Amino acid sequence: MSSDAKRKNHYTKKKLEKALHFANVLKINEEKCALIARLFVYETHDYTTMLYHTQRNFEIQDVCLTLGSQELIY
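Heads up, the sequence shown is in the numbering used here, so the first residue is 1 and it goes up one at a time.
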């Protein structure tokens with residue numbers, strides 16, 4: 001079992017809020033991006049818009065979205 005699978009049930013809105021408030025840089029993949037969208041009830045499926053709101057709401061300096069072997073959005 002991967003470490004991601006073990007952690008899957010430990011992500012809560014409260015824990016993520018706390019972590020995001022401390023973050024200066026956020027590096028995130030598509031799966032975690034979808035999780036944040038669900039937990040924080042973002043009304044968009046557009047990664048750029050969703051990450052913009054996350055960056056603004058939590059005052060995160062830099063955000064990087066990894067899309068597997070496809071590309072990277074910074």
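Cβ coordinates follow ideal geometry from the N, Cα and C atoms, glycine included. Quick caveat, the model's predicted, so the values are computed rather than measured.
Query                                                                                                                          : Result
Residue closest to alanine 23, alpha-carbon to alpha-carbon, out of Tyr42, Asn29 and Thr54                                     : Thr54
Cut-off 8 Å between Cβ atoms - residues of its own chain near alanine 34, not counting five sequence neighbours on either side : none
Same chain, Cβ closer than 7 Å to histidine 21, neighbours up to 5 away in sequence not counted                                : Phe58
One or two residues paired with aspartate 25 in a DSSP bridge                                                                  : It is worth fixing the name first, because residue 25 is valine in this sequence and not aspartate. BP columns for valine 25 point to Asp62.
Cβ neighbour criterion (16 or more within 10 Å) applied to alanine 37                                                          : buried
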